[in-house]
Amino acid sequence: MSNFVNVTHDGDVAIVTIDNPPVNALSFHVREPLMQALVSLRDDASVAAIVVACAGRTFVAGADITEFGKPMQQPELRAIVATLEAIAKPTVAAIHGTALGGGLELALGCHFRVADAGARLGLPEVKLGLLPGGGGTVRLPRLVGAVKALRMIVSGVPIGADEAHAAGLVDAVFKGDLTAHAVNFAREIARKGGPYTPVRDRDDRLVETDLAAFDAEAAELARKARGLEAPIACAQSVRNAITLHFDEALAAERALFVKLVASDQSRAQRHLFFAERESAKIPGKDVVKRRIARVGVIGAGTMGGGIAMAFANGGFSVTLLETSDEALQRGLGIIDKNYAVSVSRGSLTEEAKRQRLAQFKGSTDFADLADCDLIVEAAFEDMAVKKEIFGKLDAVAKPGAILATNTSYLDIDEIAASTSRPQDVLGLHFFSPANVMKLLEIVRADKTAPDALATVVDLARRIGKVAVVVGVCHGFVGNRMLAARGAESEALLLEGATPRQIDRAFTDFGWPMGPFQMGDLAGLDIGWRNRKARGQTAVIADTLCEQGCFGQKTGRGFYRYENGSRTPVPDPQVEALIHEKATEKGIVPRAISAEEIIERTLYPLINEGAKILEEGIAARASDIDVVWVNGYGFPVGKGGPMFWAGLHGAARIIERLEHWHQRTGKQVFQVAPLLRRMAETGSWEAGATA
Ligand code: 3H9
């Protein structure tokens, strides 16, 4: 008996309960007593059947991720599963909450699995840059068939209890006291008598596999993997389950797991797993949070509509405010259409759509915001407009209501000062489309009250966002670093690189698209308007905009989009324009390497991240990684810019930044002192020592 594994008896059925809060991870201190308990129950003649269950909110959520990268202490999960599988009496996993990764692999070691109706089951290792290393790729296909297993393992997305039951993964689904049901189930099975076939010996589902169809699906999934090794290894391992003997396939799975767990990609993805959980932690999180039931959103355009949907999807009532009835109806119409698309895709039922829409109340009168607990302003990006709105909000909002602005750049301290309650004002910087994108930059202004901040951090989680708390500066974390990344774009073009070449360097690095394709997608007029407001110019982008070339929406931008297609085609006219502007400036074009493109875009991005950390705009380097991976498409397999800088070598980055600084004198290449410290200590922590 241990604190982490408890054995009780209900007649001749033994119940092994794992109790390792918060998620019952299979840490060494669980594995050891679990193994002992199973061996002892196996040999105990008074025990007719064994139920494996968990205390707390969930079944086992997987191996203990913090143990990866350290020497593995025995017994390993694989040995536990093998021991379980060799027990002659019936074994039943009783699954509630989530059975994930090693947790599901443990359950696959049992003869039977029963689940609570609300349980979810999956093998999400791929999201950590891994494959299931406890036999999951070899056992799951034996129960659900190879193609279903392939989909589950390569996507990492868990399935619900009913789907698991229909697929053959779960033998029974129960509501109510799961342990009691599992005990009855086990007793009944024991009464009927054996033998009980372990999963390893079931290959009826495997023999029916159409290998050509499997390979075609695996090839399609590999194509989507975009440079990630784990999805490919997952597919290979499931294929081994079809083509190799069980033990050979298991050994091959192990070899792939060992390789992946030591890879930079998996380290990067594990870093992100913890970074996303860390970013939601703020000092004073124990303060009493404010109650939020109704949310007001000002502006029913693309951004406001998306924000309103995000809150409605999270279960909140929403008051949507516009300046005219026409604009309001247009906004509500788009929301209706967006939900209709979800219905047509099968992700929402007609009934759920009706319920969602019923959560909205439209208005053109500020007074209707009086009953809102949180009001998010998503009007034009213009300080005068925002100040006027916040002045009005100050007059109508109830005491204690949180007043948020969805600005991307503006000074929130100044906006807060236009109210008599700056303690209630903060920034909520959503990313478009706001109902889809995971990232939420929560901007803490100078006077924001700790309980207001804690409330929105909590709220972000409730609406499915990954929240990062940042400080006030122009562009906050994400857009400020984006500006540093793009500072040399124009110079690179003028010096001889083409938009296609620059974009290719980005996609080769792992970004989903490069900056020019991105600009064309978002609309070049947005940046143009911003530049004009700040008195800045970008000779090529400005000229394109003056010619009405705003990107995809006008069919021309940095690329050409023929007949409404979204595929960018290089445009000789744009190349001629670049050439013309370069000649005007007396620049002689030269060949520019992909390496130089990375040095002049990515290195300044990291350098700016270091400055942001130094200034305390972000609390941790990992918060910056969370922003970039979730908001800007930084490749997950590289762990975010600050993590990647560590892998790539800060000294190397400094050396090239200095080179470019010497050549151009530009401020973006001026090395941040914290980057130098990082090169010496290997850590972004300000106080770290070598
Ligand atoms: C694996 O199993 C490999 C095997 O195939 C092979 C082995 C040989 N380990 O997410 P939450 C912590 S790989 C260690 O906020 P929720 C988490 O950091 C694993 N710690 O809760 C957090 O700590 P803190 C495959 C873990 O309710 C706390 O628990 N499994 C682990 O929103 C609460 O977590 C997975 O990938 C872990 N495995 O969501 C599942 N899991 O409070 C990973 C969580 O200090 N886990 N923690 O910040 C999840 O997806 C979610 O945690 C879960 C609960 C859905 C379970």
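Going left to right, the sequence shown walks through residues 232 to 921 as our numbering numbers them. Every residue, glycine too, gets a C-beta built ideally from N, C-alpha and C. Just so we're clear, the structure is a prediction, and the values are computed from it rather than from any experiment.
(request) Rounded to whole angstroms, what's the CA-CA distance from LEU906 to ALA683? Just pull it up for me. (result) For LEU906 and ALA683, the distance between alpha carbons rounds to 33 Å.
(request) Leaving aside the five residues before and after CYS341 along the sequence, list all residues of the same chain whose C-beta is less than 7 Å from its C-beta, in chain order. (result) Closer than 7 Å at the Cβ level, and outside the excluded window around CYS341, lie VAL283, LEU315, THR322, VAL323 and ALA324.
(request) Enumerate in chain order the residues of its own chain whose CB-to-CB distance from SER497 is below 8 Å, with the five nearest sequence positions on each side excluded. (result) PHE299, LEU359, GLY360, LEU361, ALA461 and LEU491
(message) Whether or not the stretch 718 to 738 and the stretch 825 to 842 are in contact is what I'm after, with contact meaning three or more pairs of Cβ atoms, one per stretch, closer than 8 Å; do they touch?
(response) yes
(message) So for ARG675, helix, strand or coil by DSSP?
(response) Here ARG675 sits in strand by DSSP.
(message) For THR289, report the span of its alpha helix (DSSP H) as first-last.
(response) Where THR289 is concerned, there is no enclosing alpha helix (DSSP H), given that its DSSP letter is neither H nor E.
(message) Am I right that ILE855 and GLY840 are in contact with their C-beta atoms under 8 Å? What's the rounded C-beta distance?
(response) 5 Å
(message) Applying the 10 Å Cβ sphere with the 16-neighbour rule, what's the burial state of LYS423?
(response) exposed
(request) Enumerate in chain order the residues of its own chain whose CB-to-CB distance from GLU889 is below 8 Å, with the five nearest sequence positions on each side excluded. (result) PHE900 and VAL902
(request) May I ask whether a heavy atom of the ligand 3H9 can be found less than 6 Å away from the beta carbon of ILE249? (result) no
(request) Run the proximity test for PRO462: is its beta-carbon closer than 6 Å to any non-hydrogen atom belonging to the ligand 3H9? (result) no
(message) Given the structure, does ALA319 come close to the ligand 3H9, in the sense that its CB is under 6 Å from one of the ligand's heavy atoms?
(response) no
(message) Following a CB-centred definition, is ALA256 positioned closer than 6 Å to any heavy atom of the ligand 3H9?
(response) yes
(request) Consult DSSP for TYR863 and reduce its assignment to one of helix, strand or coil. (result) coil
(request) Return the CA-CA distance between GLY217 and CYS776, expressed in angstroms with no decimal places. (result) Limits of the chain in this structure are 232 at one end and 921 at the other, which puts residue 217 out of reach.
(request) Determine the DSSP secondary structure at ILE606, reduced to helix, strand or coil. (result) strand
(request) Name the two residues that bound the continuous alpha helix (DSSP H) containing ALA449. (result) 442 to 455
(request) Label ASN794 either buried or exposed according to how many other C-beta atoms from any shown protein chain fall within 10 Å of its C-beta, with 16 as the threshold for buried. (result) exposed
(message) Rounded to whole angstroms, what is the Cα-Cα separation between GLN590 and ALA443?
(response) 48 Å
(message) My assumption, with CB atoms under 8 Å, is that ARG262 sits in contact with PRO306. Please give the rounded CB distance.
(response) 5 Å
(request) Look at ILE771 and LYS812 and say whether their C-beta atoms are less than 7 Å apart. (result) yes
(request) For HIS660, count neighbouring C-beta atoms within 10 Å of its own C-beta (all shown protein chains included) and say buried if the count is 16 or more, exposed if not. (result) buried
(request) Identify, in the order they occur along the chain, each residue of the same chain with its Cβ nearer than 8 Å to the Cβ of ALA571, setting aside the five sequence neighbours on each side. (result) Closer than 8 Å at the Cβ level, and outside the excluded window around ALA571, lie LYS584.
(request) Take every Cβ of the stretch 604 to 612, pair it with every Cβ of the stretch 528 to 548, and state whether three or more of those distances are shorter than 8 Å. (result) Yes: the two stretches touch, three or more of their Cβ pairs being nearer than 8 Å.
(message) Taking the straight line between their C-alpha atoms, what separation do you get for HIS810 and ALA764?
(response) HIS810 and ALA764: Cα-Cα distance of roughly 27 Å.
(request) Give me the Cα-Cα distance between ASN470 and GLY364, rounded to the nearest whole angstrom. (result) The sequence given here has Arg at residue 470, not Asn. The C-alpha of GLY364 is placed about 15 Å away from the C-alpha of ARG470.
(message) Using the Cβ count rule (16 or more neighbours within 10 Å means buried), how would you classify GLN898?
(response) exposed
(message) With a threshold of 6 Å (Cβ to nearest heavy atom), would VAL498 be considered close to the ligand 3H9?
(response) Here residue 498 turns out to be Arg, not Val, going by the sequence shown. Look at ARG498: its beta carbon is at least 6 Å from all of the heavy atoms in the ligand 3H9.
(message) Could you compute how far the alpha carbon of PRO866 sits from the alpha carbon of ARG716?
(response) 15 Å
(request) Can you give me the start and stop residues for the beta strand (DSSP E) that LEU657 sits inside? (result) 656 to 661
(request) Express the C-alpha separation of ALA348 and VAL172 in angstroms, rounding to a whole number. (result) As shown, the chain starts at 232 and ends at 921. That puts residue 172 outside it, with no answer to give.
(message) Give me the residue from ARG344, GLN500 and LYS320 with the minimum Cα distance to GLY425.
(response) LYS320
(request) Spatial neighbours of GLU356 within its chain, please: CB distance less than 6 Å, with the 5 preceding and 5 following residues excluded, ordered by chain position. (result) GLY332, LEU362 and PRO363
(message) Quick check: what's the CA-CA separation for ALA286 versus HIS327?
(response) 9 Å
(request) Count the C-beta pairs between the stretch 542 to 560 and the stretch 688 to 701 that are closer than 8 Å, then say yes if the count reaches three, no if not. (result) yes
(message) Whole angstroms are fine: how far does the CA of ALA245 sit from the CA of ARG288?
(response) 21 Å
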